[in-house]
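Trainee: Counting from 1, position 81 in the first sequence corresponds to residue 81 in the UniProt record's numbering; the numbering is continuous, with no gaps.
What follows is a structure written as structure tokens; I'll ask about it next.
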Amino acid sequence: MGVIIKKMEQALNREKPPRLTALRGLQMEEQGDPFKILIGTILSARTRDENTTRVVNKLFARFKTPQDLASADIDEIKKIIHSIGFYNIKAERIKQVSQMLISKFGGRVPSDIDSLLKLPGVGRKTANCVLVYAFDKPAIPVDVHVHRISNRLGLVSTKTPEQTEQDLSKLVDRKLWTKVNDTFVMYGQNICLPVRPNCKACDLKKMCRYYSSSSSTTLASSS
DNA sequence: AAAACGGGGGC
DNA sequence: GCCCCAGTTTT
Numbered sequence: 001m002g003v004i005i006k007k008m009e010q011a012l013n014r015e016k017p018p019r020l021t022a023l024r025g026l027q028m029e030e031q032g033d034p035f036k037i038l039i040g041t042i043l044s045a046r047t048r049d050e051n052t053t054r055v056v057n058k059l060f061a062r063f064k065t066p067q068d069l070a071s072a073d074i075d076e077i078k079k080i081i082h083s084i085g086f087y088n089i090k091a092e093r094i095k096q097v098s099q100m101l102i103s104k105f106g107g108r109v110p111s112d113i114d115s116l117l118k119l120p121g122v123g124r125k126t127a128n129c130v131l132v133y134a135f136d137k138p139a140i141p142v143d144v145h146v147h148r149i150s151n152r153l154g155l156v157s158t159k160t161p162e163q164t165e166q167d168l169s170k171l172v173d174r175k176l177w178t179k180v181n182d183t184f185v186m187y188g189q190n191i192c193l194p195v196r197p198n199c200k201a202c203d204l205k206k207m208c209r210y211y212s213s214s215s216s217t218t219l220a221s222s223s
């Protein structure tokens with residue numbers, strides 16, 4: 001797995017541009033704060049990341065703690081995050097999450113999966129993000145990119161992200177559990193796209209089921 | 001199993 | 001103008 005990640009990183013560097021830095025609201029200046037990781041991850045669902053990062057920073061400039069957000073005016077929250085997708089639902093949820101943190105978890109973000117999954121708007125992917133990024137606990141957040149690429153490379157053979165998570169966790173060294181997410185996601189955005197992936201730039205063709213089963217017309221053209 | 005939530009960016 | 005996007009909840 002370490003080799004795979006290294007080859008992905010090399011390809012990403014070689015393909016110069018995208019690198020969409022400052023990814024995911026988890027690597028902002030506020031990283032390490034479980035509350036901000038939790039809220040930032042909830043807000044990032046199904047939205048482009050540069051945009052979300054900006055919004056998250058704006059939100060935390062105004063509301064810094066669960067107490068702040070729990071008592072915030074919902075319309076002000078909505079106004080701040082209005083430029084991201086699903087902003088209406090997300091505003092309600094992050095306020096509810098903050099309230100529940102206070103009422104059920106002593107104002108702190110819980111560090112076990114069962115408690116995290118009780119929070120509104122928190123599913124497996126978000127819960128695992130909090131576990132591994134905020135608490136350095138074993139967890140593999142499986143989003144569409146991790147799921148797709150793991151299957152294309154034959155690391156797993158699964159239908160659901162849950163299965164992928166389970167199978168991957170047996171395969172991956174604990175040290176790499178955050179890297180799998182970080183690297184696969186960037187690779188998925190920039191090279192191993194859902195459709196017309198840039199296989200020309202990829203050094204993993206030899207082990208790739210998608211590549212070996214694709215005709216040249218389904219791959220991205222070079223010119 | 002499928003629909004619904006959704007504004008912004010790429011083309 | 002059309003299509004897609006670091007999911008989760010509800011039907």
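Virtual Cβ for every residue (Gly too), placed ideally from N, Cα, C.
Remember, it's a predicted structure, so these values are computed and weren't measured experimentally.
#1: Compare the Cα-Cα distances from Met-186 to each of Ala-11, Cys-208 and Val-3 and report the closest residue.
#2: Are there three or more Cβ pairs, one per stretch, closer than 8 Å when the region 200 to 212 is compared with the region 151 to 170?
#3: Alpha carbon to alpha carbon, what distance is there between Arg-62 and Asn-13?
#4: Since Gly-107 and Gln-67 should fall inside the 8 Å C-beta cutoff, what is the C-beta to C-beta distance between them, to a whole number of angstroms?
#5: For Ile-140, collect the residues of the same chain with a Cβ closer than 8 Å to its Cβ; drop the 5 residues on either side in sequence, then sort them by chain order.
#6: What alpha helix (DSSP H) runs, 4 residues minimum, are completely inside the UniProt domain "HhH-GPD" (43 to 190)?
#7: Which residues in the same chain as Leu-69 place their Cβ atom closer than 7 Å to its Cβ, once the five residues preceding and following it in sequence are excluded?
#8: Can the beta-carbon of Lys-159 be found closer than 8 Å to that of Asp-143?
#9: Nearest-angstrom Cα distance between Ser-103 and Gly-2?
#10: Between which two residues does the alpha helix (DSSP H) holding Leu-12 run?
Mentor: This is what the structure gives:
#1: For Met-186, the nearest C-alpha among the options comes from Ala-11.
#2: yes
#3: Asn-13 and Arg-62: Cα-Cα distance of roughly 36 Å.
#4: Right, the Cβ-Cβ distance comes to about 7 Å (below 8 Å), so this counts as a contact.
#5: Asn-128, Val-132, Val-146, Glu-165, Leu-168, Ser-169, Val-172, Trp-177, Val-180 and Asn-181
#6: 49 to 62, 66 to 70, 74 to 80, 87 to 105, 113 to 118, 124 to 129, 144 to 152, 161 to 171 and 177 to 190
#7: Phe-63, Ile-94, Lys-95 and Ser-98
#8: no
#9: 42 Å
#10: 2 to 14
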